[in-house]
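**Q** Residue numbers (the numbering used here), protein chains in the order written: chain A, -2 to 120; chain B, 3 to 133. C-beta atoms are modelled at their ideal positions from N, C-alpha and C, and glycine is treated no differently. Note that this is a predicted model, so its numbers are computed, not measured.
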Amino acid sequence: MRYLTTRKRAEGLGSARAGTEHHLAMTASGWALLVLVPILVFVLARTIGGSFDEVRATFANPFVAILTALFLVIGMRHFAKGAQTAIEDYAHGATRAALIMVANAAAYLTIAAGLYALIKLAI
Amino acid sequence: MAETKEQKRPLSPFMIGPYYRPQMTSISSILVRITGLALVVGIGLTVAWLLAAAVSEEWFARVDWVVTSWLGKLVYVGSAWAVWYHLLGGVRHFIFDAGRGMDSPTAEKLGWAMVVGSVVLTVITILVASW
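The following block contains the structure:
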C-alpha cells in the first residue's frame, strides 16, 4: 500500500502531463456553470430584444451583474481550456500554437469587454 | 526493423463513416464539443450587445438591429439549444465520472436524454423569451 491519494498518483501522467489538472479544472468550472448558466439563460431570454433602458436596468441589478461577471470569468476560462483541447486534437505545430493563442485571446477579450460593460452600467 | 519512414495513419475524428460506425455515445459526445465551441458566437454577440448598452444609445441601436434581425434570432435559438445540450453533456460527464451509467444500454439512454432534454429546454426557453 502506497500512502498517496488517487489524485496524487494520477497527476503528471499522460502525454501532455496536464490531463488531471485539466480534468479537475473543467469539472470544478462545470459545477459552477451548472448553477450560473440556467439563471443567465432565463435572464437573457427575458432581456434580449428589450429597449435600451430595459437592458441597462437589468444589468444594473447587482444580482444579475455579479452572476454575469462570474459567468464571464468562469465560463470563458472553461471555453478557452475546452477549445485548447479541441485544437490540440486536430492542429499541429505553428498552426496549433497560433490557434491556442487566438482562443485564449478571444476568451480574455470577451471577459474584459463584458466586465467593462458591467462596471459602466453599475456606476 | 530500423524502418523510420513516416506512416500515413488515419486520425481519430476522420474515422467516422468509412472505418467507424457512428453510435449514439460517440456522436452525442462529439456534439458536446461542437456545441461548446459554437457557443462563442452567441456569447460574443451578447457581450457586444451588453457593451453597446453600456456605451451609448447609438451603439445599442446598431447592435440591437443585428440581435433582433432574423440572423440574430437564428443565433439565439441555436445558442439556446447548444447551451442546454452542452450543459446536459456536462451532467453526463459527472454521472460517468461517478462510475455510473457506463453500460451500453444506459449510456445510449443518456445520449437520447440529452437530445430530448435539450429540445424540451429550448422550447421552454423560447416560451419564456416570448411570453
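Which first and last residues belong to the alpha helix (DSSP H) in which Glu59 (chain B) is found?
**A** For the purposes of this step, residue 59 (chain B) is taken as residue 57 along the second sequence, with counting starting at 1. Element bounds for Glu59 (chain B): Glu59 to Val69.
**Q** In chain order, what residues of the same chain lie with their CB nearer than 7 Å to the CB of Ala22 (chain A), ignoring the 5 residues before and after it?
**A** For the purposes of this step, residue 22 (chain A) is taken as the residue at position 25 of the first sequence. Only Lys78 meet the Cβ criterion.
**Q** Sorted by chain position, which residues of the same chain lie with C-beta nearer than 6 Å to Ala82 (chain B)'s C-beta, five sequence neighbours on each side aside?
**A** Position 80 of the second sequence, counted from the first residue, corresponds to residue 82 (chain B). Thr124 and Thr127.
**Q** Please classify Ile120 (chain A): does DSSP put it in a helix, a strand, or coil?
**A** As a working mapping, residue 120 (chain A) is identified with position 123 in the first sequence. DSSP places Ile120 (chain A) in coil when its eight states are reduced to three.
**Q** Given that Tyr87 (chain B) touches chain A, what residues does it touch there, using C-beta distances under 8 Å?
**A** The sequence position of residue 87 (chain B) within the second sequence is 85, counting from 1. Under the 8 Å cutoff, chain A gives no residues; its nearest Cβ is about 12 Å from Tyr87 (chain B).
**Q** Would you say Ile36 (chain A) reaches chain B, if we count a Cβ-Cβ gap shorter than 8 Å as a contact?
**A** Position 39 of the first sequence, counted from the first residue, corresponds to residue 36 (chain A). Judged by the 8 Å Cβ criterion, Ile36 (chain A) is not in contact with chain B.
**Q** Since Tyr87 (chain B) contacts Leu33 (chain B) with CB under 8 Å, what's their CB separation in whole angstroms?
**A** Indexing the second sequence from 1 puts residue 87 (chain B) at position 85. Indexing the second sequence from 1 puts residue 33 (chain B) at position 31. Indeed they touch by this definition, with Cβ atoms about 6 Å apart.
**Q** With a threshold of 8 Å between beta carbons, is Glu8 (chain B) in contact with chain A?
**A** On the second sequence, position 6 is the one that residue 8 (chain B) refers to. Not an interface residue.
**Q** By DSSP, does Ser48 (chain A) sit in helix, in strand, or in coil?
**A** What you label residue 48 (chain A) is simply residue 51 of the first sequence in a count that begins at 1. Here Ser48 (chain A) sits in coil by DSSP.
**Q** Straight-line CA distance for Lys117 (chain A) to Ala56 (chain B)?
**A** By 1-based counting over the first sequence, the position of residue 117 (chain A) is 120. By 1-based counting over the second sequence, the position of residue 56 (chain B) is 54. Rounded to whole angstroms, Lys117 (chain A) to Ala56 (chain B) spans 6 Å at the Cα level.
**Q** The alpha helix (DSSP H) spanning Glu8 (chain A) covers which residue range?
**A** What you label residue 8 (chain A) is simply residue 11 of the first sequence in a count that begins at 1. Neither: Glu8 (chain A) is in no alpha helix (DSSP H) and is coded neither H nor E.
**Q** I'd like to know whether the C-beta atoms of Phe76 (chain A) and Val42 (chain B) end up nearer to each other than 8 Å.
**A** By one-based count along the first sequence, residue 76 (chain A) stands at place 79. By one-based count along the second sequence, residue 42 (chain B) stands at place 40. In contact: Phe76 (chain A) and Val42 (chain B) (Cβ atoms closer than 8 Å).
**Q** When DSSP labels each residue in this structure, what does Ala94 (chain A) get in the three-state scheme?
**A** Walking along the first sequence from the start, residue 94 (chain A) turns up at place 97. Helix at Ala94 (chain A).
**Q** Within 10 Å of its beta-carbon, does Gly101 (chain B) have 16 or more other beta-carbons around it, so buried, or fewer, so exposed?
**A** The residue given as residue 101 (chain B) occupies position 99 in the second sequence. Under this definition Gly101 (chain B) is an exposed residue.
**Q** Throw me the rounded Cβ distance for the Val69 (chain B) and Ile36 (chain A) pair, which I believe falls under 8 Å.
**A** For the purposes of this step, residue 69 (chain B) is taken as the residue at position 67 of the second sequence. For the purposes of this step, residue 36 (chain A) is taken as the residue at position 39 of the first sequence. In fact, because the Cβ distance is near 20 Å, the residues do not count as touching under 8 Å.
**Q** Give the straight-line distance between the Cα atoms of Leu33 (chain A) and Leu64 (chain A), rounded to the nearest whole angstrom.
**A** Within the first sequence, numbered from 1, the residue matching residue 33 (chain A) stands at position 36. Within the first sequence, numbered from 1, the residue matching residue 64 (chain A) stands at position 67. If you take the alpha carbons of Leu33 (chain A) and Leu64 (chain A), they lie about 7 Å apart.
**Q** Could you give the first and the last residue of the continuous alpha helix (DSSP H) run that contains Gly92 (chain B)?
**A** The count along the second sequence starts at 1 and reaches residue 92 (chain B) at position 90. Looking at the DSSP string, the run of the alpha helix (DSSP H) that includes Gly92 (chain B) is Trp72 to Asp99.
**Q** Determine the chain A residues that contact Phe62 (chain B) at a beta-carbon separation under 8 Å, and present them in chain order.
**A** For the purposes of this step, residue 62 (chain B) is taken as the residue at position 60 of the second sequence. By Cβ distance, chain A contributes Phe49 and Val52.
**Q** On the three-state DSSP scale, how would you describe Arg11 (chain B)?
**A** Position 9 of the second sequence, counting from 1, holds the residue named residue 11 (chain B). Three-state result, Arg11 (chain B): coil.
**Q** From Phe62 (chain B) to Gly47 (chain A), what does the alpha carbon distance come to, in whole angstroms?
**A** In the second sequence, the residue the question calls residue 62 (chain B) occupies position 60. In the first sequence, the residue the question calls residue 47 (chain A) occupies position 50. In a straight line, the C-alpha of Phe62 (chain B) is about 11 Å away from that of Gly47 (chain A).
**Q** Measuring from the CB of Asp86 (chain A), is there a heavy atom of the ligand MN at a distance below 7 Å?
**A** The ligand MN is not part of the structure shown, which contains no ligands of any sort.
**Q** What residues in the segment 66 to 77 of chain B bring their beta carbon closer than 7 Å to a beta carbon of chain A?
**A** Here the close residues are Val69 and Thr70.
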